[in-house]
Amino acid sequence: MAGLNNRGVADVLAMAFMFVMLVLAAVFMHSYSLRPLEAATDRQLKLKSEHLYKTLELAWVDNYSVSYLRAAAENLLLEQPTVPGPYLRSVMENALEYLCPSGYAVAVGLSYENDSWKLSWPEGAGLGLGAEKPFARAGEVRLTMAGGENIAVTVSVRIFEIAET
Amino acid sequence: MTLTQILKTLITCILVISFLLVTVSAYQQHRAISKLAELSDATTAIVTSLSVEELTYENNMYIIDPAKLESLSTRRELAGENFDFQVTVRYEAGGERVLGPYGSTPPDDRTIGSLAVPCVLYENARFLPAKLSVMAWRA
Numbered sequence: 209m210a211g212l213n214n215r216g217v218a219d220v221l222a223m224a225f226m227f228v229m230l231v232l233a234a235v236f237m238h239s240y241s242l243r244p245l246e247a248a249t250d251r252q253l254k255l256k257s258e259h260l261y262k263t264l265e266l267a268w269v270d271n272y273s274v275s276y277l278r279a280a281a282e283n284l285l286l287e288q289p290t291v292p293g294p295y296l297r298s299v300m301e302n303a304l305e306y307l308c309p310s311g312y313a314v315a316v317g318l319s320y321e322n323d324s325w326k327l328s329w330p331e332g333a334g335l336g337l338g339a340e341k342p343f344a345r346a347g348e349v350r351l352t353m354a355g356g357e358n359i360a361v362t363v364s365v366r367i368f369e370i371a372e373t
Numbered sequence: 007m008t009l010t011q012i013l014k015t016l017i018t019c020i021l022v023i024s025f026l027l028v029t030v031s032a033y034q035q036h037r038a039i040s041k042l043a044e045l046s047d048a049t050t051a052i053v054t055s056l057s058v059e060e061l062t063y064e065n066n067m068y069i070i071d072p073a074k075l076e077s078l079s080t081r082r083e084l085a086g087e088n089f090d091f092q093v094t095v096r097y098e099a100g101g102e103r104v105l106g107p108y109g110s111t112p113p114d115d116r117t118i119g120s121l122a123v124p125c126v127l128y129e130n131a132r133f134l135p136a137k138l139s140v141m142a143w144r145a
């Protein structure tokens with residue numbers, strides 16, 4: 209150490225270490241300070257996914273008096289649903305395009321036993337299963353069949369970030 | 007004191023001062039961002055309150071009664087702070103239609119928080135998909 213001190217290397221090392229600590233501290237403190245805003249944004253997106261689910265559950269399909277999710281459940285279970293499948297997909301895509309937050313995709317999935325009904329917007333965005341941070345709301349739609357059987361269809365509505373085009 | 011010692015002392019002082027400046031700057035940024043996050047949360051709280059309570063059609067959550075928009079009070083006290091807000095409801099019926107805006111115009115010199123969420127609008131005996139937009143600011 210005496211030799212190091214004589215040559216001043218120890219002082220240089222100490223100053224270099226302080227410089228590195230300064231840079232690290234600056235990066236850490238500034239990145240950490242953004243966390244409350246990121247958390248608030250996530251809470252808003254969670255709220256949007258909840259609202260989107262409830263909107264699809266309660267709003268009626270154009271020209272029909274049945275909700276989007278109920279119509280989709282009927283398409284999954286019934287041979288002759290109230291809303292024809294192609295028309296439902298078309299109007300639901302329009303609704304999702306209108307309601308979906310900018311820069312995000314939305315995927316709607318219904319499943320019962322081995323059958324499923326899926327729709328995503330924008331087309332080809334997928335279901336967001338591998339998305340880094342999806343905001344999902346799950347629930348069920350109950351349908352009473354002609355024989356009196358009460359069937360619960362599992363529903364999930366998922367909002368996830370996509371790359372801006 | 008040699009020139010080398012003077013230089014080392016100088017560099018050490020610069021590093022210490024830089025560290026203090028970075029700390030103060032990070033603290034100020036943290037405070038500013040916390041204020042923004044509070045405004046964002048206040049906007050979220052206002053939207054939630056409107057969609058599940060104040061604007062509901064026959065107490066059905068997430069269904070907006072347009073008749074209640076006219077008489078809506080657009081000031082809230084949240085966590086000891088007063089917030090003003092402006093509400094707009096948009097929906098599509100052969101093209102986009104807009105209800106509002108209701109409430110005062112957002113000031114130019116304040117930070118504005120905005121949030122638009124999907125909701126259901128009860129219009130002409132039908133339940134239509136719509137968007138409830140709120141712009142909020144500190145009063």
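Residue numbers (the numbering used here), protein chains in the order written: chain A, 209 to 373; chain B, 7 to 145.
Here a beta-carbon is modelled for each residue, glycine too, at the ideal position from N, C-alpha and C.
Just so it is clear, the structure is predicted and the values come from calculations on it, not from any experiment.
Whole-angstrom distance between residue j and residue i, CA atom to CA atom
| i | j | result |
| --- | --- | --- |
| asparagine 302 of chain A | alanine 360 of chain A | 26 Å |
| threonine 54 of chain B | valine 140 of chain B | 10 Å |
| leucine 212 of chain A | valine 22 of chain B | Per-residue confidence for leucine 212 of chain A stands at a pLDDT of 49, beneath the threshold of 50, marking its modelled position as unreliable; the derived number appears in the next sentence. When rounded, the distance between both Cα atoms is 23 Å. |
| valine 274 of chain A | alanine 315 of chain A | 20 Å |
| alanine 142 of chain B | alanine 122 of chain B | 12 Å |
| isoleucine 17 of chain B | alanine 222 of chain A | 11 Å |
| valine 104 of chain B | alanine 32 of chain B | 42 Å |
| serine 298 of chain A | leucine 318 of chain A | 17 Å |
| methionine 209 of chain A | alanine 218 of chain A | Any answer about methionine 209 of chain A is weak, because its pLDDT of 49 lies below 50 and its placement is not dependable; what the coordinates show is given next. In a straight line, the C-alpha of methionine 209 of chain A is about 8 Å away from that of alanine 218 of chain A. |
| serine 120 of chain B | asparagine 66 of chain B | 24 Å |
| threonine 362 of chain A | glutamate 331 of chain A | 22 Å |
| proline 113 of chain B | alanine 145 of chain B | 10 Å |
| cysteine 19 of chain B | glutamine 34 of chain B | 23 Å |
| valine 365 of chain A | lysine 256 of chain A | 11 Å |
Residue i and residue j closer than 8 Å at C-beta
| i | j | result |
| --- | --- | --- |
| glutamate 87 of chain B | arginine 96 of chain B | no |
| phenylalanine 368 of chain A | alanine 339 of chain A | yes |
| leucine 266 of chain A | methionine 300 of chain A | no |
| phenylalanine 25 of chain B | leucine 230 of chain A | yes |
| isoleucine 39 of chain B | proline 244 of chain A | yes |
| asparagine 283 of chain A | tryptophan 325 of chain A | yes |
| serine 57 of chain B | threonine 80 of chain B | no |
| valine 28 of chain B | methionine 237 of chain A | yes |
| lysine 254 of chain A | phenylalanine 343 of chain A | yes |
| alanine 248 of chain A | serine 46 of chain B | yes |
| alanine 131 of chain B | leucine 84 of chain B | no |
Whole-Å CB distance - residue i paired with residue j, under 8 Å assumed
| i | j | result |
| --- | --- | --- |
| leucine 277 of chain A | leucine 264 of chain A | 5 Å |
| histidine 36 of chain B | serine 241 of chain A | 4 Å |
| lysine 74 of chain B | glutamate 60 of chain B | 7 Å |
| glutamate 351 of chain A | leucine 285 of chain A | Here residue 351 of chain A turns out to be leucine, not glutamate, going by the sequence shown. Between leucine 285 of chain A and leucine 351 of chain A the Cβ distance is about 6 Å, and since that is below 8 Å, they are a contact. |
| proline 72 of chain B | valine 93 of chain B | Between valine 93 of chain B and proline 72 of chain B the Cβ distance is about 11 Å, and since that is not below 8 Å, they are no contact. |
Cβ neighbours of residue i in the same chain (closer than 7 Å, five flanking residues each side left out)
| i | result |
| --- | --- |
| isoleucine 69 of chain B | Thr62, Tyr63, Val126, Tyr128 and Phe133 |
| aspartate 323 of chain A | Leu284 |
Same chain only: Cβ atoms within 6 Å of residue i, ignoring 5 sequence neighbours per side
| i | result |
| --- | --- |
| alanine 136 of chain B | Val95, Tyr97, Cys125 and Leu127 |
| proline 289 of chain A | Glu282 and Asn283 |
| leucine 304 of chain A | Val314 and Trp329 |
| aspartate 270 of chain A | Val299 |
| glutamate 258 of chain A | Arg345 |
Own chain, CB closer than 8 Å to residue i, minus 5 neighbours either side, in chain order
| i | result |
| --- | --- |
| cysteine 308 of chain A | Leu260, Val314, Trp329 and Ile367 |
| glycine 334 of chain A | Ala313, Ala315 and Ser328 |
At which residue ranges does the segment 301-340 of chain A contain complete beta strand (DSSP E) runs of 3 or more residues, listed in the order of the chain? 312-320 and 323-329
What beta strand (DSSP E) runs, 3 residues minimum, are completely inside the segment 46-114 of chain B? 66-70, 81-84, 87-98 and 102-108
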